[in-house]
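Residue numbers for the sequence shown, in our numbering: -16 to 266.
Shown next, in structure tokens, is the structure this report addresses.
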Amino acid sequence: MAMVDSMPTSPKDRNGILTARIHIPTTNLRELGGYETDDGRSVRYGLLFRCGRMNELTTDEHDVYQNLKLRMIVDLRREDEVLESPTPFFGSEENLHISVSDPNNAFAEAAAKAHEPNAETLILADAVRYYRETVTLNLHRYIPAFDQVFDTRNLPLLFHCTAGKDRTGFMAAAILKFLGVSDETVFADYLLTNELLGERTEDRLKVWAERMSKENGIAESDVDPEALRALRILMLTHADMLQASFDAVDELFGSWDEMRREGLKISDERMNAFRDFVLESPA
């Protein structure tokens, strides 16, 4: 997939789908700029970025990151992920590692069910539970990450995980909700991952097929297609997953503002200052 370093200034483009500015599709690098909020303002470009791992960048891609002039990178991955795929240095930014995951690799545990009957249903249920438990069990792990985001001295800031879709996807959705972006737009931004990582997903499935072939002593063509379809669920974003987080916020806190105040310890005063910094009025 070709690298894209500019998009229309409006967040509405291809077929009316709401998108953010895309910088490097293959690493899911994009920004939250351009989205309209409920008070008529919009998110400023060039301040908040999201992506996946960055350890296999081409020279041109490295230059794109460098040109973002980042002040901080917040790495949401587990320690083993960081060691396996270190984040490169782009200039003078601070790279802060804040794992938001529990010690268990929930998605690896889900992937182990790929050969079970009804694997697709089981794996999707595990993924939905993961998103729900992000709010019900693991929200406290995100407190230091959001604390860095809401410190405007750290902007421009980039936050990322491995694929830039689950931990990063939840965090991006929460930031947009706090800023007053509509649910429709938040979900469209979340699901944009599927378009950007389409080719990479197929490549990863081929790797899984090769592994299954070797482990079971069979030809790749004989690998169970249902198992691969089940694994595909973990490589993409699904509205049901993010909806589970939304439902949990409603059930536990009643609103996103209350979740911000009580769950993430971000005061209204700090929220208002953040909004005034990152939002801009129409020209």
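Note that beta-carbon positions come from the ideal geometry of N, C-alpha and C, so glycine has one too.
Query raised in the report: Per the contact definition of three or more C-beta pairs closer than 8 Å, is the region 160 to 175 in contact with the region 9 to 26?
Result: Output reads yes: the region 160 to 175 touches the region 9 to 26.
Query - Sequence-distant residues of the same chain with beta carbon closer than 8 Å to Ala256, five excluded per side - result: If we look at Ala256 and ignore the five residues flanking it on each side, its Cβ neighbours are Thr135.
**Report entry** Uninterrupted alpha helix (DSSP H) stretches inside the region 16 to 77 (no shorter than 4 residues)
**Finding:** With a minimum length of 4 residues, the continuous alpha helix (DSSP H) runs that stay inside the region 16 to 77 are 42 to 49 and 62 to 67.
Query raised in the report: Ser82 and Leu59 look like a contact to me (Cβ under 8 Å); what is the Cβ gap, rounded to whole Å?
Result: Confirmed, about 7 Å.
Query raised in the report: How would you call Ala95, buried or exposed, if buried means at least 16 neighbouring beta carbons within 10 angstroms?
Result: Note on Ala95: under 16 other CB atoms within 10 angstroms of its CB, so exposed under the neighbour-count rule.
Query raised in the report: In its own chain, which residues sit with a C-beta less than 7 Å from the C-beta of Pro69, not counting the 5 before and 5 after it?
Result: Cβ neighbours of Pro69 within its own chain (closer than 7 Å, five residues either side excluded): Asn38.
Query - DSSP-derived helix/strand/coil call for Glu234 - result: Note: Glu234 maps to helix in three-state DSSP.
**Report entry** Where Phe73 falls, given that 16 or more other Cβ within 10 Å makes a residue buried
**Finding:** Phe73 should be labelled buried.
**Report entry** Beta-carbon proximity check, Arg4 vs Arg13, cutoff 8 Å
**Finding:** Yes, these two residues count as a Cβ contact at 8 Å.
Query raised in the report: Okay, do the region 216 to 225 and the region 105 to 120 touch, 3+ Cβ pairs below 8 Å being the bar?
Result: Yes, since at least three Cβ pairs between the region 216 to 225 and the region 105 to 120 fall closer than 8 Å, the two stretches touch.
Query raised in the report: What is the DSSP secondary structure of Phe161, reduced to helix, strand or coil?
Result: Looking at Phe161 - three-state DSSP - the assignment turns out to be helix.
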